[in-house]
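The sequence shown begins at 6 in my numbering and counts up by one.
Cβ coordinates follow ideal geometry from the N, Cα and C atoms, glycine included.
Since the model is a prediction, treat every value here as computed from it, not as a measurement.
See below for the structure under consideration.
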Amino acid sequence: MVLINLIRSKAEENNISCKMFTFVISFISLNVESKLFIAIRNNNKKENVDYTSYPVDKKAN
Numbered sequence: 006m007v008l009i010n011l012i013r014s015k016a017e018e019n020n021i022s023c024k025m026f027t028f029v030i031s032f033i034s035l036n037v038e039s040k041l042f043i044a045i046r047n048n049n050k051k052e053n054v055d056y057t058s059y060p061v062d063k064k065a066n
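Structure below.
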């Protein structure tokens with residue numbers, strides 16, 4: 006939070022609009038969230054193993 010306040014104060018000193026600053030921060034956070042979602046989705050795909058193709062031994066039942 007301190008870092009964001011520091012960046013915001015620097016942005017105001019350099020006459021960068023607050024709306025543009027908010028847009029950039031929102032875009033970065035959205036980008037990070039989407040990358041995390043893709044990574045979690047890919048990880049879940051790797052864990053789903055189809056065991057139905059293996060034969061079942063009738064004597065075991």
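Other residues of its chain near ILE9: CB distance less than 8 Å, five sequence neighbours each side excluded:
As a working note, residue 9 is residue 4 in the sequence shown. Excluding positions up to five away in sequence, the list reads ILE30.
Open item on the list: If I measure Cβ to Cβ from THR27 and keep anything under 6 Å in the same chain, skipping five residues before and after, which residues do I get?
Closed with: Position 22 of the sequence shown, counted from the start, is the residue given in the question as residue 27. Same-chain partners within the cutoff: there are none.
Spatial neighbours of VAL37 in its chain, beta-carbon cut-off 7 Å, leaving aside the 5 residues before and after:
Position 32 of the sequence shown holds residue 37. Result list for VAL37: empty, nothing under 7 Å.
Can you give me the C-alpha to C-alpha distance between SER22 and ARG46, rounded to a whole angstrom? Here residue 22 corresponds to residue number 17 of the sequence shown, with the count starting at 1. Here residue 46 corresponds to residue number 41 of the sequence shown, with the count starting at 1. When rounded, the distance between both Cα atoms is 36 Å.
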